[in-house]
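Trainee:
Residue numbers (our numbering): 715 to 1138.
1. Per DSSP, residue 775 forms a beta bridge with which residues?
2. Between 749, 771 and 778, which has its C-alpha nearest residue 759's C-alpha?
3. Report the start-end ranges of each alpha helix (DSSP H) in the stretch 919-981 that is 4 residues or longer and not cut off at the edges.
4. Pull the bridge partners of residue 1104 from the DSSP assignment, please.
5. Would residue 750 be called buried (16 or more neighbouring beta carbons within 10 Å of its own) or exposed?
6. Measure the Cβ-Cβ separation of residue 1110 and residue 1098 and say whether it is below 9 Å.
7. According to the neighbour-count rule (16 or more other Cβ atoms, all chains shown, within 10 Å of its Cβ), is residue 925 buried or exposed?
8. Residue range of the alpha helix (DSSP H) that residue 878 falls in?
9. Are the Cβ atoms of residue 1043 and residue 991 separated by less than 9 Å?
10. Check whether the Cβ atoms of residue 1122 and residue 1090 sit closer than 9 Å, and answer yes or no.
11. When you compare only the Cα positions, how much space is there between residue 840 and residue 828?
12. If you follow the beta strand (DSSP E) that residue 1088 is part of, which residue opens it and which one closes it?
13. Checking the sheet assignment: what are the DSSP bridge partners for residue 801?
14. Whose CA, out of 902, 1001 and 972, lies closest to the CA of residue 958?
15. Looking only at its own chain, which residues have a Cβ that is under 6 Å from the Cβ of residue 885, when we skip the five neighbours before and after it?
16. Which one or two residues does DSSP pair with residue 738 in a beta bridge?
17. Can you name the start and end residues of the beta strand (DSSP E) that residue 1132 belongs to?
18. Consult DSSP for residue 1096 and reduce its assignment to one of helix, strand or coil.
19. By how many angstroms is the C-alpha of residue 778 removed from the C-alpha of residue 842?
20. Please tell me whether residue 776 and residue 810 are closer than 9 Å, where the distance is taken between their beta carbons.
21. Less than 8 Å between the CB atoms is what I'm expecting for residue 928 and residue 737, so what's the real figure, rounded?
22. Helix, strand or coil: which one does DSSP assign to residue 1109?
23. Taking the alpha-carbon positions, what's the residue 1115 to residue 975 distance?
24. Let me make sure I understand the geometry here. Which of 1054, 1131, 1028 and 883 has the alpha-carbon closest to that of residue 1006?
25. Measure the alpha-carbon distance for residue 1050 versus residue 1032 and round it to whole angstroms.
26. Do residue 983 and residue 944 have their CB atoms nearer than 9 Å?
27. Expressed to the nearest angstrom, what Euclidean distance is found between the alpha-carbon atoms of residue 838 and residue 862?
28. Output the boundary residues of the alpha helix (DSSP H) element that contains residue 907.
29. Would you report the Cα separation of residue 1088 and residue 1119, rounded to the nearest angstrom?
30. Starting from the Cα of residue 807, find the closest Cα among 818, 889 and 834 and give me that residue.
31. Could you tell me whether the Cβ atoms of residue 752 and residue 796 are closer together than 9 Å?
32. Would residue 799 and residue 818 be called neighbours here (beta carbons separated by less than 9 Å)?
33. Between residue 897 and residue 873, which are expected to be in contact by the criterion C-beta below 8 Å, what is the C-beta distance as a whole number of angstroms?
34. Would residue 767 be called buried (16 or more neighbouring beta carbons within 10 Å of its own) or exposed?
35. Report the rounded CA-to-CA distance for residue 769 versus residue 965, giving the unit in angstroms.
36. Counting along the chain, where does the alpha helix (DSSP H) carrying residue 794 start and finish?
Here's what the structure looks like:
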């Protein structure tokens, strides 16, 4: 009997252990850090806490991002009710710029082999028109970023001196060197290895039980996906093209409505995104100038000079639109060159159509009947006959007899008589 009771007790303990088996939350952050990323991470922390996960793992691979969004993410880590583990993975991944702040701010910082961290020079929101202002702001941002990462490293007990050098000197190191310099806590080959490595670690008085834990992936919601897509530099560039084509299409074809509506929507999105992304004002101004030149060329006989100027302004503006030295916001030539060629083709078509329209002879009144088709009401010969066209009856003559009911083409007008020929 006692043996049976012992077995029952052990079984109950096993059942209780299984019922309370640890689970961990997991999100993947790939690409530049922006407002959508900050919103996603904050929501994921809340979801993981609500589901009582032992921790939230953030798998990270980023070239960098916006400083304001990075600050929001760090604040979310500080306020998190559960431990946050940042894992720079897979092999070949990078925690560059903003990724360095995020990794150091985690309760536990881990990296996969053959990954890197560093080059944490800050990126601001918006561009600057004056070089002097840019330099002053750059220095202020650098000082802030340096002090910011210093406080993060001190709070998490990491290497403060290296953290500051990552901002000031854009220092970058491998995962192995980061572990040696106390920048991160551990290196793990993959997710199961990470769960095993952090098992038993104590974070803010909580002991993690993650070995063999079930992983709950927390995906982006549709709103976050749309926002994440919209704020990409290449998406803004494409929307800019749509805005230009739509506005020009409406100007060259007044009353078309559809091109104007699409162009206006795209333009509003571009203006909204320019307030979020680090846009260079000079680049934006050049693209605006290109749009003005394109519109003027439609109404001014410049023989294409304004269009050529617009294309040059457009290409230079696209090159300058974002800081090409920052990989997080670099607009690739893969987008710029095809975009410029497409713009050239578009305006060759628009301007060409306009020139062809200008070369057509001006026709008004009765002359508009020439070339139209009429129906024979009274048989036609060289002496005469009658046709019906555009709601009117006309006298008509033809060099060849044409029977009643036939279709004829109007070739000329003499007084009140139409010259016609059989319709082929």
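Quick reminder that beta carbons are idealized off the backbone N, C-alpha and C, glycines included.
For clarity, every value in this text was computed on a predicted model and none was experimentally measured.
Mentor: Quick look at the numbers:
1. In the DSSP output, where bridge partners are listed per residue, residue 775 has 744.
2. Considering only alpha carbons, the answer is 771.
3. 936-944 and 947-966, all fully within the stretch 919-981.
4. Residue pairing for residue 1104: DSSP places it in no beta bridge.
5. When all chains shown are included, residue 750 counts as buried.
6. Result yes, Cβ atoms of residue 1110 and residue 1098 sit closer than 9 Å.
7. Answer is exposed; the Cβ neighbour count stays below 16.
8. Unbroken alpha helix (DSSP H) run through residue 878: 874-882.
9. Cβ atoms of residue 1043 and residue 991: closer than 9 Å.
10. Less than 9 Å divides the Cβ of residue 1122 from the Cβ of residue 1090.
11. With a pLDDT of 41 at residue 840, under the threshold of 50, the modelled position of that residue is not reliable, and no figure is offered here.
12. Its beta strand (DSSP E) spans residues 1087-1092.
13. When DSSP reads this structure, residue 801 sits in a beta bridge with 773 and 824.
14. Cα-wise, what sits closest to residue 958 is 1001.
15. Excluding sequence positions up to five before and after residue 885, its CB lies within less than 6 Å of the CB of 832 and 879, all in the same chain and listed in chain order.
16. For residue 738, which the question treats as bridged, DSSP gives the partners 929.
17. The continuous beta strand (DSSP E) containing residue 1132 extends over residues 1131-1136.
18. In the three-state DSSP reduction, residue 1096 falls in the coil class, being neither helix nor strand.
19. For residue 842, the predicted structure reports a pLDDT of 38, less than 50, and the residue's modelled location is therefore unreliable. A value from the coordinates is still provided. Near 20 Å, if we compare the C-alpha coordinates of residue 778 and residue 842.
20. Contact: yes.
21. Their Cβ separation, rounded to whole angstroms, is 5 Å, which keeps residue 928 and residue 737 in contact under 8 Å.
22. Assigned with DSSP and collapsed to three states, residue 1109 falls in strand.
23. Looking at the two C-alpha atoms, the distance is approximately 54 Å.
24. Closest by alpha carbon: 1028.
25. The alpha-carbon separation between residue 1050 and residue 1032 amounts to approximately 6 Å.
26. In this structure, residue 983 places its C-beta atom within 9 Å of the C-beta atom of residue 944.
27. Residue confidence for residue 838 is low, a pLDDT of 47 falling below 50, so the modelled location carries little weight and cannot support an answer.
28. 905-912 is the span of the alpha helix (DSSP H), which, as asked, contains residue 907.
29. Cα to Cα, the separation comes out at about 10 Å.
30. With distances taken between Cα atoms, residue 807 lies closest to 889.
31. No, the Cβ-Cβ distance between residue 752 and residue 796 is not below 9 Å.
32. No, these two residues do not count as a Cβ contact at 9 Å.
33. Correct: roughly 5 Å between the Cβ atoms.
34. Buried is the call here.
35. Cα to Cα, residue 769 sits roughly 57 Å from residue 965.
36. Note, residue 794: premise wrong, no alpha helix (DSSP H); not H, not E.
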